[in-house]
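First comes the structure, then the notes that go with it.
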Amino acid sequence: MLFALENDPEFLDLQVEMVRLQDSIRKTSKRLLIIFEGRDAAGKGSTIMRFVRFLNPRHYRIVALAKPTEQESGQWYFQRYIKELPNPGQIVFFDRSWYNRAVVEPVMGFCSQKEYKFFLQQVVLLERMLKEDGLHMIKFWFSIDEKEQAKRIIERQTNPLKHWKLSTVDALAQAKWNEYTEHKEAMFERTSTTDSPWLVIDGNDRDKACLESMRYVLNKMDYKDKGLTGQRLKPDPTIATMQPALQISQSIFGDSDEAKS
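Following my numbering, the numbering of the sequence shown begins with 4 at its first residue and continues without gaps.
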């Protein structure tokens, strides 16, 4: 059940902290973007629903964009995502993001090799620019093993309450497992930077994945009246693993970080 964790004292304590974080972001006009990526059926959407369980709906948004329209397909690739970025005082959750072009699109043949390579060049610059503009961004990759994915896809096929989650991409996810792996690793290598590193969450246990991803967000963000500190906000390294980050020494405007400090 989605809210089975509600009787877990640790989950409730983390939820109190999420409410405090949201209130601080609202009062200080900060902007927080949390990207949820991962294989099909890895638990991205259900984790987001747990994140927002007790948040004020006026000050957060969940963005899960559909297939691009014909008009959007002719625009700059990032354009439809840019307009969904958080406003001051807001948290935005991306249930999949511009990283569709790093994994799903090249694996499924939805983009050309030229578009794929161009994306990998542009995205690092874009994220550096967003950081320099004051946006706080966290990138999660939810990882599950092949057997667990197969189990969850069957559940989507057989459970009428989950039919809406099933897509044509799901049907090919298992057959293209190795291709997904290759593109995922290439994405980490090219786009995990000191500005915006990737945190890989083991999603085979949904409850643990939720707790550790929440812990990471709360540990990373500074906010007033933080009640939990130390080990209680330190993610379990067996569940949450930081990917090696590329060092980017130059600002998007050409000034070195050292010169700016």
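Using N, Cα and C, we set each Cβ at its ideal position, and we do this for glycine too.
What is the residue span of the beta strand (DSSP E) that residue 94 lies within?
On the sequence shown, position 91 is the one that residue 94 refers to. Run containing residue 94: 93-98, per the beta strand (DSSP E) assignment.
Own chain, CB closer than 7 Å to residue 158, minus 5 neighbours either side, in chain order
Your numbering for residue 158 matches position 155 in the sequence shown. Here the set comprises 165.
Taking all protein chains shown into account, do 16 or more other C-beta atoms lie within 10 angstroms of the C-beta of residue 128, making it buried, or fewer, making it exposed?
For the purposes of this step, residue 128 is identified with residue 125 of the sequence shown, where counting begins at 1. It counts as exposed.
Fully enclosed by the stretch 195-231, which alpha helix (DSSP H) runs are 4 residues long or longer?
Within the stretch 195-231, the complete alpha helix (DSSP H) runs of at least 4 residues are 209-223.
Could you tell me the distance, in whole angstroms, from the CA atom of residue 180 to the CA atom of residue 103?
Here residue 180 refers to the residue found at position 177 when the sequence shown is read from its first residue. Here residue 103 refers to the residue found at position 100 when the sequence shown is read from its first residue. Roughly 16 Å separates the two Cα atoms.
Residue 259, buried or exposed, once every other Cβ within 10 Å from all chains shown has been counted against 16
By one-based count along the sequence shown, residue 259 stands at place 256. Note that residue 259 scores a pLDDT of 43, beneath 50, so its modelled location is shaky; the value from the coordinates is reported in the next line. That one is exposed.
I think residue 90 touches residue 34, with their Cβ atoms under 8 Å apart; what is that distance to the nearest whole Å?
In the sequence shown, residue 90 corresponds to position 87, counting from 1. In the sequence shown, residue 34 corresponds to position 31, counting from 1. Right, the Cβ-Cβ distance comes to about 7 Å (below 8 Å), so this counts as a contact.
Going by Cα to Cα distance, which pick from 240, 146, 235, 182 is closest to residue 16?
Locating residue 16 in the sequence shown gives position 13, where the first residue counts as 1. Checked all of 240, 146, 235, 182; the closest Cα to residue 16 is 235.
Helix, strand or coil for residue 38? Go by DSSP, reduced to three states.
Residue mapping note: residue 38 aligns to position 35 of the sequence shown, counting from 1. Strand.
Tell me which same chain residues have a C-beta within less than 7 Å of the C-beta of residue 264, skipping the five on either side of it?
Translated into the one-based positions of the sequence shown, residue 264 becomes position 261. Low local confidence applies: a pLDDT of 33 at residue 264 is under 50, so the model's placement there is unreliable, with the coordinate-based value given in what follows. Cβ neighbours of residue 264 beyond the five flanking positions: none.
By how many angstroms is the C-alpha of residue 110 removed from the C-alpha of residue 276?
Outside the displayed range of the chain (4 to 264) lies residue 276, so it cannot be described from this structure.
Alpha carbon to alpha carbon, how far is residue 177 from residue 43?
The sequence position of residue 177 within the sequence shown is 174, counting from 1. The sequence position of residue 43 within the sequence shown is 40, counting from 1. Each residue's CA atom was taken as its position, placing residue 177 and residue 43 some 9 Å apart.
With a CB to CB cut of under 7 Å and the five nearest residues on each side skipped, what residues in its chain are close to residue 126?
Taking the first residue of the sequence shown as position 1, residue 126 is located at position 123. So the qualifying residues of the chain are 101, 194.
According to DSSP, is residue 79 part of a helix, a strand, or is it coil?
Stepping through the sequence shown from its first residue, residue 79 is reached at position 76. Three-state result, residue 79: coil.
Alpha helix (DSSP H) segment containing residue 63, residue limits:
As a first step, residue 63 is located in the sequence shown; it is residue number 60 there, counting from the start. Taken as a continuous stretch (DSSP letters only), residue 63 belongs to no alpha helix (DSSP H), being part of the beta strand (DSSP E) at 63-66.
So is residue 148 buried or exposed if we call it buried at 16+ other beta carbons inside 10 Å?
By one-based count along the sequence shown, residue 148 stands at place 145. With fewer than 16 Cβ atoms within 10 Å of its Cβ, residue 148 is classed as exposed.
Measure the CB-CB distance between residue 36 and residue 97 and report whether it falls below 8 Å.
Translated into the one-based positions of the sequence shown, residue 36 becomes position 33. Translated into the one-based positions of the sequence shown, residue 97 becomes position 94. Cβ distance < 8 Å, so residue 36 and residue 97 count as in contact.
For residue 242, which option in 59, 209, 251 has the closest C-alpha, if you only look at C-alpha atoms?
Your numbering for residue 242 matches position 239 in the sequence shown. Cα-wise, what sits closest to residue 242 is 209.
Which runs of the beta strand (DSSP E) spanning at least 3 residues fall entirely within the stretch 122-194, listed in chain order?
139-146
Cα-Cα, which of 76, 142, 92, 132 is closest to residue 115?
Taking the sequence shown and counting its residues from 1, one reaches residue 115 at position 112. Ranking the options by Cα distance to residue 115, first place goes to 76.
When you compare the stretch 71-86 with the stretch 40-58, are there three or more beta-carbon pairs, one atom per stretch, that lie closer than 8 Å?
no
Pairing CB atoms from the stretch 136-156 with CB atoms from the stretch 192-206, are three or more of them under 8 Å?
yes
Does the beta-carbon of residue 38 have 16 or more other beta-carbons within 10 angstroms, so that it is buried, or is it exposed?
As a first step, residue 38 is located in the sequence shown; it is residue number 35 there, counting from the start. Classification for residue 38: buried.
Cα-Cα separation, residue 81 to residue 71
Residue numbering aside, residue 81 sits at position 78 when the sequence shown is read from its first letter. Residue numbering aside, residue 71 sits at position 68 when the sequence shown is read from its first letter. Roughly 11 Å separates the two Cα atoms.
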